[in-house]
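*Asks:* Each residue of the sequence shown is one higher than the one before, starting from 25 at the first, in this note's numbering.
Think of the CB as a built atom: it goes at the ideal place given N, C-alpha and C, for glycine as much as any other residue.
Pasting in a structure now, in structure tokens, and then I'll have a few things to ask.
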Amino acid sequence: MTADLFESIADVLPSREAMAEGAMLLRGFASPFESELIAVLRDIERQAAFRHMITPGGHAMSVAMTNCGELGWVTDRSGYRYEGNDPETGKPWPAMPAAFFRLAGQAAAQAGFSEFSPDACLINRYQPGARMSLHQDKDEDDFGAPIVSVSLGLPAIFLFGGSKRSDKPRRFRLEHGDVVVWGGPSRLAFHGVAPLADGEHALIGRQRINLTFRKAR
Ligand code: MD3
Ligand code: FE
Numbered sequence: 025m026t027a028d029l030f031e032s033i034a035d036v037l038p039s040r041e042a043m044a045e046g047a048m049l050l051r052g053f054a055s056p057f058e059s060e061l062i063a064v065l066r067d068i069e070r071q072a073a074f075r076h077m078i079t080p081g082g083h084a085m086s087v088a089m090t091n092c093g094e095l096g097w098v099t100d101r102s103g104y105r106y107e108g109n110d111p112e113t114g115k116p117w118p119a120m121p122a123a124f125f126r127l128a129g130q131a132a133a134q135a136g137f138s139e140f141s142p143d144a145c146l147i148n149r150y151q152p153g154a155r156m157s158l159h160q161d162k163d164e165d166d167f168g169a170p171i172v173s174v175s176l177g178l179p180a181i182f183l184f185g186g187s188k189r190s191d192k193p194r195r196f197r198l199e200h201g202d203v204v205v206w207g208g209p210s211r212l213a214f215h216g217v218a219p220l221a222d223g224e225h226a227l228i229g230r231q232r233i234n235l236t237f238r239k240a241r
């Protein structure tokens with residue numbers, strides 16, 4: 025009885041775990057917001073569809089992407105950059121929903137970044153087999169601001185390396201509702217995502233959605 029009680033509390037309470045200096049994993053932090061996040065995502069997707077962007081090397085990414093906020097991250101044959109308009113429609117990216125902005129701000133505050141004000145949210149959609157190879161996020165102006173990521177849907181193996189591409193990455197399983205704040209010395213760490221294993225998530229289906237909140241300018 026007592027053990028059951030504590031297990032059920034552990035299931036709902038978010039926990040804090042340091043992955044590295046400046047990288048804080050908040051397990052389940054987004055779970056209370058899941059329905060609102062999913063509703064708002066549908067709305068964004070209607071205005072700015074997921075698409076497989078082309079890298080400067082000419083390859084289509086296996087991850088499909090869209091954005092919301094003042095700025096959106098894009099890649100094409102001419103390079104990586106932030107743009108105010110969706111290149112597919114020519115229209116501004118959908119505004120950042122208040123629920124997204126609040127969640128990102130509350131998570132950043134938990135990790136000690138009290139004034140996080142993201143102007144961009146890159147939304148990544150992984151279907152089974154999709155992956156992201158090791159990279160650094162360097163297209164933002166101010167590396168003093170953290171990046172906040174929110175995982176929804178199927179679990180993924182996140183690869184967390186060091187400051188050099190050759191540093192052997194550690195593996196972390198990120199699950200539905202997990203939020204990570206990447207700041208300080210972790211901000212420029214190499215990172216990636218292993219190919220997504222097939223499965224079915226009760227709310228999100230056969231995919232993983234990752235929101236990454238950034239201060240681009
Ligand atoms: C660590 N996305 O969009 S989120 C990306 O799960 C990206 O979709 C992955 O890497 C995903 O650029 C990882 C976690 C993440 C995001 C940014 C970081 C980890 C980071 C920046 C610096 C260090
Ligand atoms: Fe990244």
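Assign histidine 200 to one of two classes, buried (16 or more other C-beta atoms within 10 Å of its C-beta) or exposed (fewer than that).
*Replies:* Within the sequence shown, numbered from 1, the residue matching residue 200 stands at position 176. Histidine 200 is buried by the Cβ-count criterion.
*Asks:* Compare the beta carbon distance of aspartate 163 and tyrosine 104 with 7 Å and say whether it is the shorter of the two.
*Replies:* Here residue 163 is taken as the residue at index 139 of the sequence shown, counted from 1. Here residue 104 is taken as the residue at index 80 of the sequence shown, counted from 1. Against a cut-off of 7 Å, the Cβ pair of tyrosine 104 and aspartate 163 comes out as a contact.
*Asks:* Taking only heavy atoms of ligand 1 into account, decide whether any of them is closer than 6 Å to the Cβ of tryptophan 117.
*Replies:* Residue 117 sits at position 93 when you count from the first residue of the sequence shown. The answer is no for tryptophan 117.
*Asks:* Around the Cβ of arginine 189, are there at least 16 other Cβ atoms within 10 angstroms (buried) or fewer (exposed)?
*Replies:* Working through the sequence shown from its first residue, we reach residue 189 at position 165. Exposed, by the Cβ-count rule.
*Asks:* Specify which residues have a beta carbon nearer than 6 Å to any heavy atom of ligand 2, listing them in chain order.
*Replies:* His159, Asp161, His215
*Asks:* Could you say if the region 174–191 and the region 52–66 meet the contact criterion of at least three C-beta pairs nearer than 8 Å?
*Replies:* yes
*Asks:* Say yes only if the C-beta of leucine 176 is nearer than 6 Å to one or more non-hydrogen atoms of ligand 1, and no if none qualify.
*Replies:* Stepping through the sequence shown from its first residue, residue 176 is reached at position 152. Incorrect: leucine 176 has no Cβ contact closer than 6 Å to ligand 1.
*Asks:* Quick check for students: name the residue ranges of the beta strand (DSSP E) that lie wholly in the region 54–108, counting only runs of 3 or more.
*Replies:* 88–92, 96–100, 103–107
*Asks:* Under the criterion of a Cβ to heavy atom distance below 6 Å, does serine 86 qualify as lining ligand 1?
*Replies:* For the purposes of this step, residue 86 is identified with residue 62 of the sequence shown, where counting begins at 1. Relative to ligand 1, serine 86 has its C-beta separated by 6 Å or more from all heavy atoms.
*Asks:* Does ligand 1 have a heavy atom nearer than 6 Å to the CB of valine 217?
*Replies:* Locating residue 217 in the sequence shown gives position 193, counting from the first residue. Taking 6 Å as the cut-off, one finds at least one heavy atom of ligand 1 near enough to the beta carbon of valine 217.
*Asks:* In the DSSP assignment, the alpha helix (DSSP H) including leucine 127 goes from what residue to what residue?
*Replies:* Here residue 127 refers to the residue found at position 103 when the sequence shown is read from its first residue. Here the alpha helix (DSSP H) through leucine 127 covers 122–134.
*Asks:* Between the region 140–149 and the region 88–100, do three or more beta carbon pairs fall short of 8 Å?
*Replies:* yes
*Asks:* Along the beta strand (DSSP E) that carries glutamate 41, what are the first and last residues, could you check?
*Replies:* The residue you call residue 41 lines up with position 17 of the sequence shown. That run of the beta strand (DSSP E) goes 39–44.
*Asks:* What beta strand (DSSP E) runs, 3 residues minimum, are completely inside the region 146–228?
*Replies:* Counting only runs of 3 or more residues that sit fully inside the region 146–228, the beta strand (DSSP E) segments are 156–159, 171–177, 180–184, 194–198, 203–206, 215–217, in chain order.
*Asks:* Please report the distance separating the alpha-carbon of proline 116 from that of glycine 108.
*Replies:* Translated into the one-based positions of the sequence shown, residue 116 becomes position 92. Translated into the one-based positions of the sequence shown, residue 108 becomes position 84. Whole-angstrom Cα-Cα distance: 6 Å.
*Asks:* Determine the DSSP secondary structure at proline 116, reduced to helix, strand or coil.
*Replies:* To locate residue 116, count along the sequence shown from 1; it is residue 92. In the structure shown, proline 116 sits in a strand (DSSP, three-state: E or B).
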